[in-house]
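In my numbering, the protein residues as written are 80 to 179.
Each residue gets a CB set at the ideal place from its N, CA and C atoms; glycine is no exception.
Set out below in C-alpha cells:
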C-alpha cells in the first residue's frame with residue numbers, strides 16, 4: 080500500500096480537511112495551514128523555490144470554501160480569502176503532515 084494515496088478525503092467543516100491514507104494513517108489539516116504552505120507559482124517562485132507568500136499573513140481562522148479532486152494525484156482548494164491556484168499533490172500533503 081502506498082502511504083501517499085488517500086483512502087478517503089473528508090471536508091467535515093470549512094476550517095479543516097481530513098485525509099485517511101491507505102496505510103491507515105489519518106491527517107487533519109487546518110485550512111489556514113494549507114493556505115500557508117500553498118505550493119502554487121504565486122506563492123512559491125518556480126525557479127528559485129523561494130516562498131513569495133508570507134505564511135504568517137494567513138489568519139488562524141481562515142476557512143476553505145471548496146475542495147476539488149485534480150486527476151488521481153492531487154486536490155485543489157478555494158479559500159475564503161479568494162486564493163484558489165494551489166494544487167496539493169497527495170505526496171506533498173503527506174510530506175507536510177502537521178502532526179509529524
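query = Do residue 113 and residue 82 have their C-beta atoms closer together than 9 Å?
reply = no
query = From which residue to which residue does the beta strand (DSSP E) around residue 90 run?
reply = 85-92
Burial state of residue 126, where buried means 16 or more other Cβ atoms lie within 10 Å = exposed
key: Bridge partner(s) assigned by DSSP for residue 98   = 88 and 106
ask   = Taking the alpha-carbon positions, what's the residue 173 to residue 151 distance?
value = 15 Å
inquiry  = I'd like the list of long-range same chain contacts for residue 147, defined as Cβ closer than 6 Å, with 5 residues on each side in sequence excluded.
reply    = 155
key: Distance between residue 153 and residue 99 (C-alpha atoms, nearest Å)   = 14 Å
query = Cβ atoms of residue 119 and residue 164: under 9 Å apart, would you say?
reply = yes
key: Outcome for residue 137 when other beta-carbon atoms lying within 10 angstroms are tallied against a minimum of 16   = buried
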